[in-house]
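Numbering (mature numbering (1 follows the signal peptide of the UniProt record, and there is no 0)), first residue to last: -25 to -1, 1 to 406.
Structure, rendered in structure tokens:
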């Protein structure tokens, strides 16, 4: 039982950082917190306060609600990612549909205690993706299979300071479940291409906090500022590899991962998930029209490397990442057609967190453009449904990556391009 528990916690941080071609947002972040937000490209999320999902982006916005409010739904992500290239040995490395379709669920609830206080909770997903290359892919150490699913459980409270200002803060517990497999691929050691050189499967919890401010200029104009803390996740688990241990003495020359002959050994790794700042605005510019905007800044430069070590201090796995800080710009509009229908649209730009010099097929991050449409239909004054759809277009990028850390490692050249369609639905109810 002890062995199984340790295995479940094996080096999850490596999986998060090695997640392939995340088309959802910069780095390996997710934005998908509600269908209404999807329909406006997640513009103004911390200030609009049109449903319970607002509290997960800016806890201070919960003071805008005078009755208990619930929202629950999911966003269906349909990505298409293509990798092309030729290995130094002349093998075709083309791969398509390496990212499966995924559901990203969300639940939100806000409970106003009185005119000054409100509390709330939410369940969302902040990170995640799964990809799979064939086991005998030529660049096996760079590809393989990666699966990551996360859930963020948030509890928050908000206090109205006066008629203009509100403050909120919350606690976040992040649960992640992941699996990673890497293979030998083309090699000079006579190993079959599908030799499993890294195998990990685990789950782990990480903890952090968030806070926010809301400034209400008047009933129709407001600005929000929110912050989500850095989360340090320390892993102490198991590591295994089918690589022969006889190569370990030559690791500096071969650049390969630490071989264990398929046996399991202890390993440690620390990963810092970056802090996030978000500025949001909402303005009613006409009786039926509103505009909203958002600017978020993620401190991805905190993510510099992956360094898994054994109990004797040996390097089990090392990869330089050197992410850079990234921003996201979003602009949207809402049209309040009548008591039954609301329409919305948005456009956004995601700045890539990965410099071109360190881009890899495990994280072929790229700048992205969002185009979004959505609507809300009110069944009654208390019940409604939100629908949203977004098209995300990623920039085509070139990737030049060494197969391993050896000085004489061959360089593999790839081209990656991707796009995604996202469809969302949320049911809302005010009690």
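Here a beta-carbon is modelled for each residue, glycine too, at the ideal position from N, C-alpha and C.
A straight-line Cα-Cα distance of about 9 Å links residue 226 and residue 290. The beta carbon of residue 370 sits closer than 6 Å to those of 341 and 342, all from its chain and outside the five residues before and after it, given in chain order. For the 7 Å CB-CB criterion, residue 56 and residue 74 form a contact.
Cα atoms of residue 15 and residue 327: separation of roughly 21 Å, rounded to the nearest angstrom.
If you draw a 10 Å sphere on the C-beta of residue 238, you find fewer than 16 other C-beta atoms in it, and that means exposed.
The C-alpha of residue 387 lies about 42 Å from the C-alpha of residue 255.
Residue 197 counts as buried, since no fewer than 16 other beta carbons sit within 10 angstroms of its beta carbon.
One thing to note: residue 374 has its Cβ within 7 Å of the Cβ of residue 391. DSSP places residue 63 in the coil class of the three-state scheme, outside both helix and strand.
Excluding sequence positions up to five before and after residue 87, its CB lies within less than 8 Å of the CB of 37, 38, 40, 41, 42, 43 and 93, all in the same chain and listed in chain order. Its chain contains 113 and 161 as the residues whose beta carbon lies nearer than 8 Å to that of residue 64, once the 5 sequence neighbours on both sides are disregarded; these appear in chain order.
Between the segment 123 to 134 and the segment 159 to 173, the count of Cβ pairs shorter than 8 Å is below three; the stretches do not touch. Residue range 251 to 261 is occupied by the beta strand (DSSP E) that includes residue 256. Residue 321 has 307 and 347 as its beta-bridge partners, per DSSP.
By the Cβ rule, the segment 46 to 61 does not count as touching the segment 273 to 290, because fewer than three pairs are nearer than 8 Å. Between the alpha carbons of residue 207 and residue 313 lies a gap of roughly 47 Å.
The beta carbon of residue 91 sits closer than 7 Å to those of 134 and 135, all from its chain and outside the five residues before and after it, given in chain order. The beta carbon of residue 228 is closer than 7 Å to those of 381 in its chain, skipping five residues each way along the sequence. In this structure, the beta-carbon distance from residue 404 to residue 45 falls below 7 Å.
Excluding sequence positions up to five before and after residue 181, its CB lies within less than 6 Å of the CB of 149, 206 and 208, all in the same chain and listed in chain order. Beyond the five residues adjoining it in sequence on each side, residue 368 comes within less than 6 Å, by CB distance, of 344 and 394 in the same chain, given in chain order.
Nearest Cα to residue 329 within the set 221, 176, 183 and 275: 275. Annotated three-state conformation of residue 233 is coil, per DSSP. According to the DSSP assignment, residue 30 belongs to no beta strand (DSSP E) but to the alpha helix (DSSP H) extending over 29 to 32.
Distance between residue 309 and residue 173, taken at the CA atoms: about 49 Å. In the structure shown, residue 114 falls within a coil segment according to DSSP collapsed to helix, strand and coil.
The C-beta distance from residue 107 to residue 120 rounds to 5 Å, short enough to fall under 8 Å. In this structure, DSSP gives residue 395 an extended state, which the three-state scheme calls strand.
Rounded to the nearest whole angstrom, the CA to CA distance from residue 28 to residue 334 is 34 Å. One Cα belongs to residue 278, the other to residue 185, and the distance between them is close to 20 Å.
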